[in-house]
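Below is one structure, written out as structure tokens; comments come after it.
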Amino acid sequence: MLKSRELSVYKPGQLISFVKHGTALLGEKAAMACTVAVETVITDHYNSQLRELISLDGGKEHQDLIDTISKFRDEEMEHHDIGIEHDAEQAPAYKLLTSVIKTGCKAAIFLSERI
Numbered sequence: 007m008l009k010s011r012e013l014s015v016y017k018p019g020q021l022i023s024f025v026k027h028g029t030a031l032l033g034e035k036a037a038m039a040c041t042v043a044v045e046t047v048i049t050d051h052y053n054s055q056l057r058e059l060i061s062l063d064g065g066k067e068h069q070d071l072i073d074t075i076s077k078f079r080d081e082e083m084e085h086h087d088i089g090i091e092h093d094a095e096q097a098p099a100y101k102l103l104t105s106v107i108k109t110g111c112k113a114a115i116f117l118s119e120r121i
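Residues in the sequence shown are numbered consecutively from 7, following our numbering.
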């Protein structure tokens, strides 16, 4: 089970990279909006994984994994905050742009969980 999930991490990552590069062509604020959208979805996904692991046995058996995911989640939140600090919300059509990107990220995660 773990092997298929390990391999699936790369496909959404590649898609997210493509989206980030594409929005960079729209300007710095759009690139920051993309960062905010992506990091929001990834942070939510990490939080879901953490809740699931903790619910299994209070997290005792999986503490190393919980610590690792928590560290990654915190790094993603830092990226999110940097995007906000760099005027992501001032990007043209911010709400539309971030909504589309979030939907794409959620779809990529959904598909990667089923591969």
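By construction, the Cβ of each residue, glycine as well, lies at the ideal position given by its N, Cα and C atoms. As the structure is a prediction and not an experimental result, all values here were calculated from the model.
Whole angstroms is fine: what's the gap from residue i's alpha carbon to residue j's?
i	j	result
E119	D87	27 Å
L117	S23	17 Å
T109	D73	28 Å
L59	G33	39 Å
H92	Y100	13 Å
S105	C111	10 Å
E84	K77	11 Å
V42	K35	10 Å
G65	I115	23 Å
V47	H68	23 Å
G28	E95	18 Å
I75	Q55	8 Å
H51	I90	20 Å
A39	E82	14 Å
D80	D70	15 Å
Taking all protein chains shown into account, decide if residue i is buried (16 or more other Cβ within 10 angstroms of its Cβ) or exposed.
i	result
G57	Contrary to the premise, residue 57 reads as Arg rather than Gly in this sequence. R57 should be labelled exposed.
A97	buried
I121	exposed
M7	Any reading at M7 must be qualified, since the residue scores a pLDDT of 42, below 50, and its modelled position is unreliable; no value is offered.
field: Continuous alpha helix (DSSP H) assignments of at least 4 residues falling wholly in the stretch 10–94
entry: 16–30, 34–63 and 69–91
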